Amino acid sequence: MVKVFGRPASLTEKRLHYCPGCTHGIIHRLVAEVIDELGVAERTIGVAPVGCAVLAYDYFDLDMQEAAHGRAPAVATGIKRVLPDRVVFTYQGDGDLASIGMAEIVHAAARGEKITVIFINNAIYGMTGGQMAPTTLVGQKTTTSPTGRDPAKVGYPIRVCEMLATLPGAVYLARVSVHDPRHVGLAKAAIKEAFQVQLDGQGFALVEVLSSCPTNWGMTPIEALKWIEEKMIPYYPLGTFRRPEEAKQVGA
8 MVKVFGRPAS LTEKRLHYCP GCTHGIIHRL VAEVIDELGV AERTIGVAPV
58 GCAVLAYDYF DLDMQEAAHG RAPAVATGIK RVLPDRVVFT YQGDGDLASI
108 GMAEIVHAAA RGEKITVIFI NNAIYGMTGG QMAPTTLVGQ KTTTSPTGRD
158 PAKVGYPIRV CEMLATLPGA VYLARVSVHD PRHVGLAKAA IKEAFQVQLD
208 GQGFALVEVL SSCPTNWGMT PIEALKWIEE KMIPYYPLGT FRRPEEAKQV
258 GA
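My numbering numbers the first residue of the sequence shown as 8 and each following residue consecutively.
Here you go:
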């Protein structure tokens, strides 16, 4: 019998701790599949964040390094500069990357660090109880915005890809989603392209993945996937915001 589906070699058999309906597990699988297909597992080093994915080192069967909250890009920079032959990636949520780690991600991109960043945007702080994040939508209710995010008081949600696209050092920027099978396939293609950019030595690459958080959104898993499609994508449009040839034009 031919095996047509199975666990990627770059994932361990440890059971994931994520809530039912959370799409972190899907994204973990995509990253692992890409690493396996590129044949780089033996020289890949991942950097885990602080947040829901803090235990990523238990799930990826790769060399992994834990970073302080928001500092994954700085840690990845150090690893890549000392070991330039390694494939280095960070896996970060929106609180980790776009709040406490905003300076780290901006300057890593500005320097054109040859790392790959997998950025999970679920529009909320998941691990700490569902507080408002830099990516929380206007009007979205959280534990710290019970009447909905008010831009007059706390500003507007940050579009990370669009912001980083102003920097010549960021050579590949894409936003994808995993709310249905077709988009899962497109997400994998973008993640693979981001890793290939690093393998080709071209510069900084980031893939933003719109992800669900049914527990803190107060929804069923199916409702949460629909919410990504109907609410998140209109504000966070999907697509590729920068490719290497475009980065050269911006830096000219």
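Every residue gets a Cβ at the ideal spot worked out from N, C-alpha and C, and that includes glycine.
These figures come from a predicted structure and were not determined experimentally.
Across which residues does DSSP place G246 in a beta bridge pair?
Numbered from its first residue, the sequence shown carries residue 246 at position 239. R182.
Proximity to D18 [Cα-Cα], best of M8, M170, L62 and V11: Counting from one through the sequence shown, the residue named residue 18 turns up at place 11. Contrary to the premise, residue 18 reads as Leu rather than Asp in this sequence. L18 has its Cα closest to that of L62, out of M8, M170, L62 and V11.
State the DSSP-derived secondary structure class of N223, mapped to helix, strand or coil. For the purposes of this step, residue 223 is identified with residue 216 of the sequence shown, where counting begins at 1. Here N223 sits in helix by DSSP.
- Are V191 and I33 close, meaning C-beta to C-beta below 8 Å? Against the sequence shown, residue 191 aligns to sequence position 184. Against the sequence shown, residue 33 aligns to sequence position 26. Yes; because the gap between Cβ atoms is below 8 Å, this pair is in contact.
Inter-residue CB distance, C177 and R78 (contact presumed, cutoff 8 Å):
Sequence index remark: in the sequence shown, residue 177 carries index 170 (1-based). Sequence index remark: in the sequence shown, residue 78 carries index 71 (1-based). Position check: residue 177 holds Ala in this sequence, whereas Cys was assumed. Incorrect: roughly 19 Å between the Cβ atoms, too far for contact.
Where do the N-terminal and C-terminal ends of the alpha helix (DSSP H) with L217 fall, by residue? Here residue 217 refers to the residue found at position 210 when the sequence shown is read from its first residue. Per DSSP, L217 belongs to no alpha helix (DSSP H); it is in the beta strand (DSSP E), F211 to L217.
- Query: Per the contact definition of three or more C-beta pairs closer than 8 Å, is the region 226-240 in contact with the region 179-197?
  - Reply: yes
Q. Would DSSP call I52 helix, strand or coil?
A. For the purposes of this step, residue 52 is taken as the residue at position 45 of the sequence shown. Of the three classes helix, strand and coil, the one that applies to I52 here is strand, per DSSP.
Examine the Cβ distances between the region 156-167 and the region 133-145 and report whether three or more of them are shorter than 8 Å.
yes
**Request:** Check whether the Cβ atoms of F211 and V41 lie closer than 8 Å to each other.
**Result:** Mapped onto the sequence shown, residue 211 falls at position 204. Mapped onto the sequence shown, residue 41 falls at position 34. No. Outside cutoff.
**Asked** How about T150 and G137: do their beta carbons lie closer than 8 Å?
**Response** Within the sequence shown, the letter at position 143 stands for residue 150. Within the sequence shown, the letter at position 130 stands for residue 137. Yes. Within cutoff.
Span separating the alpha-carbon of S106 from that of Y179:
Along the sequence shown, read from residue 1 onward, the residue named residue 106 stands at position 99. Along the sequence shown, read from residue 1 onward, the residue named residue 179 stands at position 172. The alpha-carbon of S106 is positioned some 21 Å away from that of Y179.
TODO: State the start and end residues of the unbroken alpha helix (DSSP H) segment that holds G32.
DONE: For the purposes of this step, residue 32 is taken as residue 25 along the sequence shown, with counting starting at 1. First-last of the alpha helix (DSSP H) with G32: H31 to L45.
Exercise for review: Under the assumption that F96 contacts G53 (Cβ atoms under 8 Å), give the Cβ distance between them as a whole number of angstroms.
Suggested key: Indexing the sequence shown from 1 puts residue 96 at position 89. Indexing the sequence shown from 1 puts residue 53 at position 46. Their Cβ separation, rounded to whole angstroms, is 5 Å, which keeps F96 and G53 in contact under 8 Å.
In angstroms, rounded to a whole number, what distance separates the CA positions of L104 and H114? Indexing the sequence shown from 1 puts residue 104 at position 97. Indexing the sequence shown from 1 puts residue 114 at position 107. Distance between the alpha carbons of L104 and H114: 12 Å.
**Message:** By the three-class DSSP mapping on this structure, what secondary structure does M109 have?
**Reply:** If you number the sequence shown from 1, residue 109 lands on position 102. Note: M109 maps to helix in three-state DSSP.
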